[in-house]
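>
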Amino acid sequence: MAQIFTRRTNMIPVIAPVIVAIVGGMLTFVVWFWFSPKHTDVGYKPRQPIPYSHALHAGDMGMDCRYCHNNVERSAYAGVPPTNTCLNCHNLVKANSPKFRWLRQAKNEDGSINIDAESTPWKRIHKIADYAYFDHSAHVTRGVGCVSCHGRVDKMVEVKQVEPLSMGWCLDCHRNVKHYEDRGFDPALVVRPLDRVEVTDMTWGPDHPEFKNWSGKAANAYADKLDPPIVQCSGCHR
0 MAQIFTRRTN MIPVIAPVIV AIVGGMLTFV VWFWFSPKHT DVGYKPRQPI PYSHALHAGD
60 MGMDCRYCHN NVERSAYAGV PPTNTCLNCH NLVKANSPKF RWLRQAKNED GSINIDAEST
120 PWKRIHKIAD YAYFDHSAHV TRGVGCVSCH GRVDKMVEVK QVEPLSMGWC LDCHRNVKHY
180 EDRGFDPALV VRPLDRVEVT DMTWGPDHPE FKNWSGKAAN AYADKLDPPI VQCSGCHR
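Numbering (numbering that gives the first Met the number 0) for the sequence shown: 0 to 237.
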């Protein structure tokens, strides 16, 4: 009877696992590295309906984040400013600028706001997955600053996402605060004094004049009084 398979086929059981391991490893690396939020989300910067500059308003003019995002201390959602909020200033300031054409269209002849255009259709930038729950008020009212998640928006003409907002990224922060002593972590890097306006201060950090007074005993004592940050699944997946 003629021989169907050559002797080289005896090497298949030896070579196949090696090939599977190499290909599987490459695919795992590609998905793990390139499909992560660090690459799919970080840097996202959609074009907004009105060219609003955070660098001008929050940076140069020093406007508090809560003037526009006025629900951030009492709601899960920070909120986006309605048309009226913009018109509080821009009814007088550069009211005829072509950049504010959409705002002018939202106004009726008597100065009231068209009901169909009460909210400017801003495009959302920072968004976690729908199957996860995040509460802005639970963080801001405990001293977590805006810059911790959103970066230095006071320097951004067009806001972009600078952090992955992934599960691992969130858990790292929670674990650092919960086990700060074991991890050698300084809670002052995350939580700030609540008796001043440091929560919306974009410059908070080691170079901030108040940081040294807060870092160390004061921040550690405050972290000890906080409810331990949740690291269980049910905290975010409800």
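Even glycine gets a Cβ: it sits at the ideal position worked out from N, Cα and C.
Remember, it's a predicted structure, so these values are computed and weren't measured experimentally.
With contact counted as at least three CB pairs below 8 Å, one residue from each stretch, are the segment 180-193 and the segment 149-156 in contact?
Touching, no.
> Three or more C-beta pairs closer than 8 Å, one from the segment 224-237 and one from the segment 161-177: is that the case here?
Flag = yes, the segment 224-237 and the segment 161-177 touch.
> Just list the alpha helix (DSSP H) runs in the segment 3-55, keeping only unbroken ones of 4 residues or longer that don't cross its boundaries, in chain order.
Runs of the alpha helix (DSSP H) inside the segment 3-55: 11-33 and 36-39.
> Less than 8 Å between the beta carbons of Tyr-76 and Cys-235, yes or no?
On the sequence shown, position 77 is the one that residue 76 refers to. On the sequence shown, position 236 is the one that residue 235 refers to. Cβ distance not < 8 Å, so Tyr-76 and Cys-235 don't count as in contact.
> Roughly how far, in whole angstroms, is the beta-carbon of Arg-141 from the beta-carbon of Val-190, given that I think they are within contact range, below 8 Å?
Indexing the sequence shown from 1 puts residue 141 at position 142. Indexing the sequence shown from 1 puts residue 190 at position 191. That pair is a contact at about 6 Å.
> Taking Cβ to Cβ, would you say Thr-82 is nearer than 8 Å to Leu-102?
The residue labelled residue 82 in the question sits at position 83 within the sequence shown. The residue labelled residue 102 in the question sits at position 103 within the sequence shown. Cβ atoms of Thr-82 and Leu-102: closer than 8 Å.
> Am I right that Gly-144 and Trp-203 are in contact with their C-beta atoms under 8 Å? What's the rounded C-beta distance?
To locate residue 144, count along the sequence shown from 1; it is residue 145. To locate residue 203, count along the sequence shown from 1; it is residue 204. Yes, they are in contact, since the Cβ atoms of Gly-144 and Trp-203 sit about 5 Å apart, within 8 Å.
> Look at the alpha carbon of Val-41 and the alpha carbon of Glu-162, and state the distance between them as a whole number of angstroms.
Sequence index remark: in the sequence shown, residue 41 carries index 42 (1-based). Sequence index remark: in the sequence shown, residue 162 carries index 163 (1-based). Going by the C-alpha atoms only, they are around 6 Å apart.
> Helix, strand or coil: which one does DSSP assign to Pro-97?
Working through the sequence shown from its first residue, we reach residue 97 at position 98. Pro-97: helix per DSSP, three-state reduction.
> Measuring straight from C-alpha to C-alpha, what distance separates Gln-160 and Tyr-43?
Here residue 160 corresponds to residue number 161 of the sequence shown, with the count starting at 1. Here residue 43 corresponds to residue number 44 of the sequence shown, with the count starting at 1. Whole-angstrom Cα-Cα distance: 5 Å.
> Can you tell me whether DSSP reads Val-143 as helix, strand or coil?
As a position in the sequence shown, residue 143 is number 144, starting the count at 1. In the structure shown, Val-143 sits in a strand (DSSP, three-state: E or B).
> May I have the straight-line CA-CA distance separating His-149 from Val-19, to the nearest angstrom?
Residue mapping note: residue 149 aligns to position 150 of the sequence shown, counting from 1. Residue mapping note: residue 19 aligns to position 20 of the sequence shown, counting from 1. Straight-line Cα distance between these residues: approximately 41 Å.
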